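Asker:
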Ligand SMILES: [Zn+2]
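In this note's numbering, the protein residues as written are 415 to 632.
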């Protein structure tokens, strides 16, 4: 069972791992000492791997909270998780990025879930870190469904291979010449973030840095 978050969590910071009230601010991650000890956040030296900055290992209480949010739709966990991402050094960088954007989910998966977990996470983190008006959806998946969903014809797969992206046409003017922070929830190999980054660079972005809340071991 995911932890149940009390109403008080809206005004008093609660640990994202176990929902206990944080009496002292734990900067940058809203995680109590016990949850941090169970699954320590990456140190500054550990954060960047293969060009992607990540804050937390994909294991332990914070990862379980994210899984409950993403897979079970526990939306009350979003605020704390977004606070964790908002603490990322990249979101505090000055000068700030021109755009903060995200890796979109497959359209049919979003339709089935009713929300796009990474998009909501990144939008909320951007608002919390003062980037609200700069957080914009710039990308869409070239195919409607992911590789785990069956039934796509071979012809359609050839037209739009899994893992490729298109720029949202009306966003193109904002991408040209922009410095962009591209975010995702969980990075594993980094291939998806690389493909999304390449799409933004092809569209004329000046610079695209990559950030994820979690990194999974390969
Ligand atoms: Zn905790």
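All C-beta atoms in this analysis are idealised placements derived from N, C-alpha and C, irrespective of residue type, glycine included.
All of these numbers come straight from a predicted model, not from anything done at the bench.
Going residue by residue through the stretch 424 to 501, where are the continuous alpha helix (DSSP H) segments of at least 4 residues, counting only ones entirely within it?
Answerer: DSSP runs (the alpha helix (DSSP H)) wholly in the stretch 424 to 501: 447 to 452, 475 to 486, 492 to 500.
Asker: Any heavy atom of ligand 1 closer than 6 Å to the Cβ of residue 431?
Answerer: The residue you call residue 431 lines up with position 17 of the chain shown. Yes.
Asker: What residue range does the alpha helix (DSSP H) around residue 524 cover?
Answerer: If you number the chain shown from 1, residue 524 lands on position 110. Here the alpha helix (DSSP H) through residue 524 covers 521 to 527.
Asker: At a cut-off of 6 Å, is residue 446 close to ligand 1 when judged by its beta-carbon and the heavy atoms of the ligand?
Answerer: By one-based count along the chain shown, residue 446 stands at place 32. Result yes, Cβ under 6 Å from ligand 1.
Asker: Rounded to whole angstroms, what is the Cα-Cα separation between residue 564 and residue 558?
Answerer: The sequence position of residue 564 within the chain shown is 150, counting from 1. The sequence position of residue 558 within the chain shown is 144, counting from 1. Note that residue 564 has pLDDT 49, beneath the 50 cutoff, so the model's placement of it is unreliable and the number below is only indicative. Approximately 12 Å between the Cα atoms of the pair.
Asker: DSSP three-state label for residue 509, please.
Answerer: Here residue 509 is taken as the residue at index 95 of the chain shown, counted from 1. Note: residue 509 maps to coil in three-state DSSP.
Asker: Is it right to say residue 605 is buried, meaning 16 or more other beta carbons lie within 10 angstroms of its own, or is it exposed?
Answerer: Residue mapping note: residue 605 aligns to position 191 of the chain shown, counting from 1. Exposed.
Asker: Roughly how many whole angstroms lie between the Cα atoms of residue 488 and residue 482?
Answerer: As a working note, residue 488 is residue 74 in the chain shown. As a working note, residue 482 is residue 68 in the chain shown. Rounded to whole angstroms, the gap between the alpha carbons of residue 488 and residue 482 is 6 Å.
Asker: Measuring only the C-alpha atoms, how far is residue 498 from residue 590?
Answerer: Against the chain shown, residue 498 aligns to sequence position 84. Against the chain shown, residue 590 aligns to sequence position 176. Taken atom to atom, the span from the alpha-carbon of residue 498 to that of residue 590 is near 30 Å.
Asker: Tell me whether residue 397 sits in a helix, a strand or coil according to DSSP, three-state version.
Answerer: Residue 397 lies beyond the range of the chain shown here (415 to 632); nothing can be said about it.
Asker: Report the option in 627, 430, 623 whose CA atom is closest to the CA atom of residue 368.
Answerer: Outside the shown range of the chain (415 to 632) lies residue 368, about which nothing can therefore be said.
Asker: So, with DSSP's three-state summary, where would you put residue 571?
Answerer: Within the chain shown, residue 571 is the residue found at index 157, counting from 1. Because residue 571 sits at a pLDDT of 47, beneath the cut-off of 50, its placement in the model cannot be relied upon, and the point is left open.
Asker: Whole-angstrom Cβ separation of residue 601 and residue 595, contact assumed at under 8 Å?
Answerer: Working through the chain shown from its first residue, we reach residue 601 at position 187. Working through the chain shown from its first residue, we reach residue 595 at position 181. So it is not a contact: roughly 14 Å between Cβ atoms.
Asker: Quick one: what's got a C-beta closer than 6 Å to residue 500's C-beta in the same chain, skipping five residues either side?
Answerer: The sequence position of residue 500 within the chain shown is 86, counting from 1. Within the same chain, residue 500 has close Cβ partners 539, 542, 543.
Asker: Assuming residue 492 contacts residue 534 (C-beta within less than 8 Å), just tell me the rounded distance between them.
Answerer: If you number the chain shown from 1, residue 492 lands on position 78. If you number the chain shown from 1, residue 534 lands on position 120. With 8 Å as the limit, residue 492 and residue 534 qualify as a contact, their Cβ atoms being about 6 Å apart.
Asker: Thinking C-beta only, is residue 431 closer than 7 Å to residue 476?
Answerer: Locating residue 476 in the chain shown gives position 62, counting from the first residue. Locating residue 431 in the chain shown gives position 17, counting from the first residue. Going by C-beta atoms, residue 476 is nearer than 7 Å to residue 431.
Asker: Spell out the partners DSSP gives residue 596 in its beta bridges.
Answerer: By 1-based counting over the chain shown, the position of residue 596 is 182. For residue 596, the pairing in a beta bridge is given by DSSP as 515, 624.
Asker: Measure the beta-carbon distance from residue 599 to residue 628 and round it to whole angstroms, keeping in mind my assumption that it falls under 8 Å.
Answerer: Here residue 599 is taken as the residue at index 185 of the chain shown, counted from 1. Here residue 628 is taken as the residue at index 214 of the chain shown, counted from 1. The Cβ separation is near 7 Å, so the contact holds.
Asker: Count the other C-beta atoms from every protein chain shown that fall within 10 angstroms of the C-beta of residue 626, then say buried if there are 16 or more, exposed otherwise.
Answerer: Position 212 of the chain shown, counted from the first residue, corresponds to residue 626. With 16 or more other Cβ atoms within 10 Å, it is buried.
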